[in-house]
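A.B. asks: Residue numbers (the numbering used here): 2 to 316.
All residues carry an ideal CB built from backbone N, CA and C; glycine is no exception.
None of the values given here were measured: they were computed from a predicted structure.
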Ligand code: UDP
Ligand code: MG
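1) Consult DSSP for residue 283 and reduce its assignment to one of helix, strand or coil.
2) Closer than 6 angstroms from C-beta to any heavy atom of ligand 4: which residues, in chain order?
3) Pick helix, strand or coil for residue 58, following the three-state DSSP scheme.
4) So, residue 243 versus residue 290, is the Cβ gap smaller than 8 angstroms?
5) Pick helix, strand or coil for residue 153, following the three-state DSSP scheme.
6) Does the Cβ of residue 146 lie closer than 7 angstroms to at least one heavy atom of ligand 2?
7) Residue 201 and residue 128: beta carbons closer than 8 angstroms?
8) Here's the rule I'm using: 16 or more other beta-carbon atoms within 10 Å means buried, otherwise exposed. How should residue 182 be labelled?
9) What is the DSSP secondary structure of residue 29, reduced to helix, strand or coil?
10) How about the region 89 to 103 and the region 191 to 200: do they share at least three Cβ pairs that are nearer than 8 angstroms?
11) Helix, strand or coil: which one does DSSP assign to residue 178?
12) Three or more C-beta pairs closer than 8 angstroms, one from the region 76 to 83 and one from the region 144 to 153: is that the case here?
13) Could you give the DSSP three-state label for residue 41: helix, strand or coil?
14) Can you find the residues in the same chain that come closer than 7 angstroms, C-beta to C-beta, to residue 318, ignoring five residues on each side of it along the sequence?
15) By alpha-carbon positions, which one of 28, 87, 49 ends up nearest to residue 38?
16) Taking DSSP's pairing of strands, which residues face residue 197 in a bridge?
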């Protein structure tokens, strides 16, 4: 039987929330008559979350479970959930009841009827700590919008819906769950939308992420942008930088040398600051080139160097 919606729930030590969450999801899906599945991915919980998932899966035929041997992180959990998903539409949702299952129908409709590739939730009114989360998050999202060119207010929202093609085309690893829209855009999916969603205060348990998320997140965004632009042609980045820096140093050195020769036989060049600057520029330029060549070697040998997403073929 075809599955309309796969609901993927990454969870790490969320034992108290799970029964309430699954009951609620089931209620909403039953009301709308969806053929659905709930994929609970236990990211190496150390509490009794997995036992709760087992019980729920006995109670509801729709509940499936995957358990990691240890804690690998939210990205890994989402990636496994995406691989397992059978639905035409895939919805991700945090396990802590901060996301409301009442959002499912509209998120589903925007993909299935309106034809969006990806719809991201926007926690317009947040119920988290204002100083450690809400304010930095606003700033951070502003930087994200500027660097990635994707106009989303809340890119890291756990509540999102996807056309199945998207989740089967991307690989979420490291801490890249914060930038799934960037990954989707890099894979060629352009119809990215946004829906204001209800956000609730955490009822049980504690948040699993601290302030470091903003620094790590920023670094990850730079990596993602770099890889999607130059991942397959690193020399285009390093080569340009290297050429410019080297040439600058080279021209400056020649200029200094000529100046010296014209000025007399005294070769006391090394007493000049500009001489050292020119030498340094040549050395750094050469380093950029080496980085570019190494990058090319690595990308030529990468297993996915000829991996393309084919949308359609004829005959
Ligand atoms: N989570 C996970 N693995 C981790 C950390 C978090 O699967 O290593 C899950 C967590 O159980 C929750 C979701 O990711 O379902 C979001 O985490 P959390 O609520 O702690 O983040 P916050 O709401 O504070 O941003
Ligand atoms: Mg949360």
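C.D. replies: Answer, in terms of the structure:
1) Residue 283 falls in the helix class under three-state DSSP.
2) What this structure holds is ligand 1 and ligand 2, not ligand 4.
3) Residue 58 carries a helical assignment under DSSP once its states are collapsed to helix, strand and coil.
4) Contact flag set, yes.
5) Coil, per DSSP.
6) Flag unset: Cβ of residue 146 not near ligand 2.
7) Taking 8 angstroms as the Cβ cut-off, residue 201 and residue 128 qualify as a contacting pair.
8) Residue 182 is buried by the Cβ-count criterion.
9) In the structure shown, residue 29 sits in a helix (DSSP, three-state: H, G or I).
10) At 8 angstroms Cβ cutoff, the stretches touch.
11) In the displayed model, residue 178 falls within a helix according to three-state DSSP.
12) Taking a cut-off of 8 angstroms for Cβ pairs, the region 76 to 83 and the region 144 to 153 do not touch, as fewer than three such pairs fall below it.
13) Looking at residue 41 - three-state DSSP - the assignment turns out to be strand.
14) Lying before the first or after the last residue shown, residue 318 is absent from the chain, which here runs from 2 to 316.
15) Checked all of 28, 87, 49; the closest Cα to residue 38 is 87.
16) Residue 197 pairs with 123.
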